[in-house]
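Reading the sequence shown from the start, the letters are residues 19 to 349 in the working numbering.
Heads up: the structure comes next, in structure tokens.
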Amino acid sequence: MLNNKTILITGGTGSFGKKFLEMIFANYNPKKVIVYSRDEFKQSVMKNEYMNTVDMSKVRFFIGDVRDKERLYRAFDGVDYVIHAAAMKQVPTCEYNPFEAIKTNINGAQNIIDAALDRGVKKVVALSTDKAVNPINLYGGTKLVSDKLFIAANAYGGDKGTTFSVVRYGNVAGSRGSVIPLFKNLIKKGNEELPITDSRMTRFWITLEEGVELVFKALKESKGGETYISKIPSFRIDDLAYAMLPNAKLREIGIREGEKLHEVMITKDDSRSTYEYEKHFIIYPHFEWWNFEKHFTSGGKLVEDGFEYNSGTNREWLSKEDLERSLASIR
């Protein structure tokens, strides 16, 4: 599928982009992988980090911002597939700098769509987040709009054949900015107390490898308009703290502005157009112009009406012991 193809990933120097680079060369023989991002230092660090583990003769580092449409047009020339991972993701930062988040997460998404359509890109897969579902913070709100833009963009593919789909998952274990690196740093400093927002809080657990595999699936199977969601376990925040520091003293600091006790990836209203597969769900769009029979991926079963995929009511859970084993595999 990706053999001899040119793939571009926006925000490619982030945690996802690094894992994607590892896995695409481990599983495929691409013609070229373009890492598109705006930080020259991070690109230099990434280049040195993977100098001896991937075929760097096939990797290009392209300085650019998703806000810059002209730069995207240049970068997308000759590109077969685009993975859109660039975003402003920090909830407090987005709350304090709302229009900056809009310019990156919403205007940037539209720029990706326009450039992909006009440059003849075959497929675009955009990364989403559980915070885009029933959003209560600006980050989630901008990602909801972004998701809507990418799904609706399939109406404009026409004869060009460009298709757009979305991959949605929760907090990636060990990714930059997540709670695991925070706890690790505190433990490394000798702290015996760990701060948690609320002992009732739950989250979904997905590894970077699982996130990349879901993107591979979307690149391989998507026909345009789908939102892919992995079947993944939930965990309790206090179990995670004890898994990392067994005798930790937990200090509740309260839920921060824009946070939820539990995250949702499929709403009850979405259940009417959600199909369950062996290892994932797909939410299909509901538009007059969208042909269900043409775009449906076989093997799925419609979930029951009123189904909700919620981290607090999930069927699968990670115990403290499970978390300990999972944490051992995170660098």
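For each residue, glycine too, the CB sits at the ideal point set by N, CA and C.
Note that the structure is predicted; figures quoted are calculated from it, not measured.
Proximity to residue i [Cα-Cα], best of the options
i	options	result
GLY229	GLU339, VAL185, MET106 and ASN328	VAL185
TRP335	ILE42, ARG221 and THR245	ARG221
GLY303	MET41, GLU244 and GLU58	The question names Gly, but residue 303 is Pro in the sequence shown. The shortest C-alpha separation from PRO303 is found at GLU244.
TYR246	LEU258, ALA259 and LEU232	LEU232
VAL77	ALA103, ASN66 and ASP86	ASN66
ASN265	ARG290, SER329 and GLU210	GLU210
ILE428	MET19, LEU268, LYS37 and THR215	With the chain covering 19 to 349 only, the question about residue 428 has no answer from this structure.
SER75	TYR91, LEU39 and ASP340	LEU39
SER146	TRP307, LEU226, ASP165 and LYS140	ASP165
PHE168	LYS149, GLU277, ILE124 and ASP136	ILE124
VAL163	TYR114, ARG290, TYR174 and LYS149	LYS149
GLY276	GLU118, THR285, TYR114 and ARG343	TYR114
THR215	ALA134, HIS280, THR315 and ILE42	HIS280
THR160	GLY179, ARG137, THR180 and MET106	MET106
SER33	GLY82, ALA104 and GLY96	ALA104
Spatial distance of residue i from residue j (CA atoms)
i	j	result
TYR54	GLU239	24 Å
MET283	GLU296	17 Å
ILE198	ALA191	7 Å
PHE94	THR28	11 Å
ASP323	PHE80	46 Å
ALA170	LYS206	47 Å
LEU263	PRO213	12 Å
ARG85	THR122	6 Å
VAL151	SER193	21 Å
ILE271	SER217	10 Å
GLU339	TYR260	10 Å
ALA127	LEU90	11 Å
ALA173	LYS312	14 Å
TYR99	LYS267	47 Å
GLU58	TYR187	28 Å
LYS140	GLY318	24 Å
ASP132	LEU20	23 Å
ALA236	ARG137	21 Å
Local Cβ density within 10 Å of residue i, reported as buried at 16 or more and exposed below that
i	result
TRP223	buried
ASN129	buried
GLU294	buried
ARG254	buried
ILE273	exposed
PHE201	buried
PHE310	exposed
PHE182	buried
ASP287	exposed
ASP257	buried
THR71	exposed
ASN203	exposed
SER337	exposed
LYS361	This structure leaves residue 361 out entirely; the chain is present only between 19 and 349.
Endpoints, the beta strand (DSSP E) within which residue i is located
i	result
ILE198	Unbroken run through ILE198 is the alpha helix (DSSP H), 197-206; no beta strand (DSSP E).
PHE79	77-81
VAL100	99-102
HIS298	298-301
LYS267	267-270
TYR246	245-248
ILE25	24-28
The alpha helix (DSSP H) enclosing residue i, as first and last residue numbers
i	result
MET41	33-45
PHE234	226-239
SER289	That residue, SER289, is in no alpha helix (DSSP H); it is neither H nor E in DSSP.
ILE120	116-120
MET64	58-67
PHE310	310-313
VAL282	No alpha helix (DSSP H) holds VAL282; the beta strand (DSSP E) holding it covers 282-284.
ALA133	126-137
ARG92	87-93
ARG343	338-346
SER164	156-170
Open item on the list: Any contact between the region 47-61 and the region 20-28? By contact I mean 3 or more CB pairs, one from each, below 8 Å.
Closed with: Flag = yes, the region 47-61 and the region 20-28 touch.
Open item on the list: Using a Cβ distance threshold of 8 Å, determine whether the region 155-167 contacts the region 102-120, with at least three qualifying pairs required.
Closed with: Under the three-pair Cβ rule at 8 Å, the region 155-167 counts as touching the region 102-120.
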